[in-house]
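Following: one structure in structure tokens, then a few remarks.
In the numbering used here, the protein residues as written are 2 to 101.
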């Protein structure tokens with residue numbers, strides 16, 4: 002669709018290309034020859050946590066307790082202490098940062 006001016010004649014304008022702009026269809030070639038390497042830095046806090054975790058001699062999971070609970074569930078004799086669950090949930094909630 003041609004744009005016409007008020008006088009009825011077609012409007013032709015040319016916009017000069019910006020200096021340094023290449024044709025977008027022209028493939029770009031990398032001229033870098035140096036290899037790029039990634040690095041990771043571990044914070045002092047993370048290093049302290051790792052050190053503390055390796056110093057723990059007690060297992061993180063009490064296998065005997067887990068086995069006893071599984072057996073009680075399978076036998077249908079496991080009782081949930083709702084008050085204790087609620088207490089633990091409230092304790093956990095108090096440890097979380099305020100989101101308000």
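Glycine included, every Cβ here is placed at the ideal spot set by N, Cα and C.
Every value quoted in this text rests on a predicted model; they were computed, and no experiment measured them.
Check, Outcome
"Inter-residue spacing [alpha-carbon to alpha-carbon] between residue 95 and residue 36", "49 angstroms"
"Among 70, 88, 89, nearest to residue 80 - alpha-carbon criterion", "70"
"Where the alpha helix (DSSP H) through residue 86 begins and ends", "83 to 96"
"Same chain, Cβ closer than 7 angstroms to residue 73, five either side skipped, listed in chain order", "79"
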